[in-house]
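Structure record follows, encoded as structure tokens.
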Amino acid sequence: AEILDTVDKTIALTQTHISKLKLAKAGLLHDLLTKGIDEHGELRNPTRNPEQFKNSPLGRIPKDWDVKPLSSIANLQVGYAFKSQWFQENKGIKLIRGENVGYGLPDWSDTKRLPWNMYPQYKDYELSKGDIIIGMDRTFTKSGFKISVLSSNDVPSLLVQRVGRFLPHSCNLEFLKVLLNSEKYKLSLQLQQKGMDIPHLSSSEILEPIVPIPLSKEQNRIADFVTVHDARIHSKQAQLEKLKLLKLGLMSDLLTGKVRVKI
508 AEILDTVDKT IALTQTHISK LKLAKAGLLH DLLTKGIDEH GELRNPTRNP
558 EQFKNSPLGR IPKDWDVKPL SSIANLQVGY AFKSQWFQEN KGIKLIRGEN
608 VGYGLPDWSD TKRLPWNMYP QYKDYELSKG DIIIGMDRTF TKSGFKISVL
658 SSNDVPSLLV QRVGRFLPHS CNLEFLKVLL NSEKYKLSLQ LQQKGMDIPH
708 LSSSEILEPI VPIPLSKEQN RIADFVTVHD ARIHSKQAQL EKLKLLKLGL
758 MSDLLTGKVR VKI
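For the sequence shown, our numbering assigns the number 508 to the initial residue and increments by one for each residue that follows.
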């Protein structure tokens, strides 16, 4: 089983690499949202160039940035209260309920659907690829922050009550994603949560925290920087899944006595 040991070691190394990349992302977001990226694609340096910065309620930030509540750049659409007796298991359009808001990606392990013939009356609640949604109950759990970005696999689907969709009106969608994943924003939300049994948030509480707002061109630069880093994480995660599948195949081969696969 030497080959299995090799695969196990590679899996462990890949998992470590992913953890390090995720840790680095937290530091990266902090730097990007306090120093920003200048027109040359470099992080500004508050020590070397203090004249480029100013004081704000969020601390020192670039002097041409603004600080406003999230509501100044985005709205939140809350889902419809569909009746549970309308739900179907296998046919119809998918419904995104609180249970389906995952940590980064939706979780469809428990899927409910609305009959297709009812769908036209609720088109205002139809979600699109790229939408950012948030669970308004138990927003923070031991597993993380319940906020998801929808992919083409998650639509068509409809927004259900106690789930919110962010609708940016004065900022780049990708930059909004960066703001929502920042530690300062998450901490502000955690302090807003009410309720002991089921901690919950209202629309106004989700949009209340103040956030740093660069000019549009810099929003794009910051978002692009994070996208490149996220691509590295996704690449490693895809590599990890392939290694896990390879391990399963090797274990099956060993059990059945088939020829081992080389790596």
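Heads up, the beta-carbon is just placed ideally off N, CA and C, and yes, glycines get one too. Quick caveat, the model's predicted, so the values are computed rather than measured.
*Could you give the DSSP three-state label for Gly543: helix, strand or coil?*
The residue labelled residue 543 in the question sits at position 36 within the sequence shown. Gly543: coil per DSSP, three-state reduction.
*Between which two residues does the beta strand (DSSP E) containing Gly609 stretch?*
By 1-based counting over the sequence shown, the position of residue 609 is 102. DSSP places Gly609 outside any beta strand (DSSP E), giving it a letter other than H or E.
*For Lys468, count neighbouring C-beta atoms within 10 Å of its own C-beta (all shown protein chains included) and say buried if the count is 16 or more, exposed if not.*
The structure shown does not extend to residue 468, since the chain is modelled only from 508 through 770, so no value can be given for it.
*Residue range of the beta strand (DSSP E) that Phe673 falls in?*
Residue mapping note: residue 673 aligns to position 166 of the sequence shown, counting from 1. DSSP places Phe673 inside the beta strand (DSSP E), whose first and last residues are 670-675.
*asked:* Does the structure place the region 600-611 close enough to the region 657-664 that three or more beta carbon pairs sit under 8 Å?
replied: yes
*Does the beta-carbon of Lys772 have 16 or more other beta-carbons within 10 angstroms, so that it is buried, or is it exposed?*
Since the first and last residues shown for the chain are 508 and 770, residue 772 lies out of range.
*So Pro569 and Leu714 are in contact, right, with Cβ under 8 Å, and what is the actual spacing, rounded?*
Taking the first residue of the sequence shown as position 1, residue 569 is located at position 62. Taking the first residue of the sequence shown as position 1, residue 714 is located at position 207. Contact flag wrong, Cβ pair sits at about 23 Å.
*Alpha carbon to alpha carbon, what distance is there between Thr763 and Val685?*
As a working mapping, residue 685 is identified with position 178 in the sequence shown. As a working mapping, residue 763 is identified with position 256 in the sequence shown. Cα to Cα, the separation comes out at about 48 Å.
*Around the C-beta of Ala738, are 16 or more other C-beta atoms found within 10 angstroms, so that it is buried, or is it exposed?*
If you number the sequence shown from 1, residue 738 lands on position 231. By the neighbour-count rule (16 or more Cβ atoms within 10 Å), Ala738 is not buried but exposed.
*Whole angstroms is fine: what's the gap from Arg555's alpha carbon to Lys542's?*
The residue given as residue 555 occupies position 48 in the sequence shown. The residue given as residue 542 occupies position 35 in the sequence shown. Approximately 12 Å between the Cα atoms of the pair.
*Taking the alpha helix (DSSP H) that Gln697 falls in, what are its first and last residues?*
Position 190 of the sequence shown, counting from 1, holds the residue named residue 697. Run containing Gln697: 690-699, per the alpha helix (DSSP H) assignment.
*For the putative contact between Trp572 and Pro721, defined by C-beta atoms under 8 Å, what is the C-beta separation to the nearest angstrom?*
Position 65 of the sequence shown, counting from 1, holds the residue named residue 572. Position 214 of the sequence shown, counting from 1, holds the residue named residue 721. About 5 Å; that satisfies the 8 Å criterion.
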